[in-house]
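Contents: one structure, followed by commentary.
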Amino acid sequence: MAAGGGDRRATELFVEATYEDVRRFLVHLTTDVPGADDLAQETYLRALTSLSGFAGRSCARTWLLAIARRVVVDGIRRAAARPRIADTADDWVGAADRAGSGRLHLPGFDESVAFMDAVEALEPGRRQAFVLTRLLGLSYGEAAEVLGCPVGTIRSRVARARRELAAVWLDERAAGAEGGAVLVAA
């Protein structure tokens, strides 16, 4: 890979080709849309400093998403190691901004909010497997590499996530039949 050899233009092309997938993955892992850009920068900082050592045993995208996952895990560990400061008004404004931003790319605003809420409510392992395979389009094998687990585990996590999401959709539909809002399948 020319980027690993120090070719500046190749490095720019590598980042351009992979940035949106990395950012989208980080948004789904953290549910923090504004923070995803910072995490993406840290991901690329780590990746580009070790790009010359990339052996090519997997595709570059899979390697990069594995680094992104480690960046999130490291961030969670750092946050857990220090005491949390009391909530401020800024925290509430940020939460309100996150409630709607980054979700308009799905059909229908109400449906996209309901879908993203349902995805965020999934158990973390299931959410990661679902996002990698269904939203980012990785194969089960690639997702297994990113998450460091067997392919069968990915398959079962995705199947369970799909069942849970379908149950939420059916519950919403039943609530709609009783006078509530209906979540329409996209």
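The numbering of the sequence shown is the numbering used here, which starts it at 294 and goes up by one. Just so you know, even glycine gets a beta-carbon here, dropped at the ideal spot from N, CA and C.
In this structure, the beta-carbon distance from Asp-330 to Arg-317 does not fall below 9 Å. Between Leu-344 and Thr-311 the beta-carbon gap is near 12 Å, outside 8 Å, which marks them as no contact. If you look at Phe-423, you'll find it in the alpha helix (DSSP H) that goes 417-423. Annotation: the continuous alpha helix (DSSP H) that includes Gly-434 extends over 433-440. According to the DSSP assignment, Arg-317 belongs to the alpha helix (DSSP H) that extends over 301-323. In the DSSP assignment, Pro-443 falls outside any alpha helix (DSSP H) and carries neither an H nor an E.
Residue range 326-342 is occupied by the alpha helix (DSSP H) that includes Gly-328. Burial state of Thr-336 is buried, judged by a 10 Å Cβ sphere holding 16 or more other Cβ atoms. If you draw a straight line from the Cα of Gly-441 to the Cα of Asp-300, it comes to about 30 Å.
Exclusion of the five residues before and after Arg-427 leaves no residue of its chain whose Cβ lies closer than 6 Å to its Cβ.
In the displayed model, Gly-368 falls within a helix according to three-state DSSP. Between Thr-342 and Leu-332 a beta carbon distance of about 16 Å is seen, past the 8 Å cut, so the two are scored as non-contacting.
By the neighbour-count definition (other C-beta atoms within 10 Å, threshold 16), Ile-369 is an exposed residue. The shortest CA-to-CA distance from Pro-417 to any of Ile-360, Tyr-433, Val-365 is the one to Val-365. C-alpha of Pro-327 to C-alpha of Ala-361: approximately 16 Å in a straight line. Distances from the alpha-carbon of Glu-435 to those of Glu-305, Leu-306, Thr-355 put Thr-355 closest.
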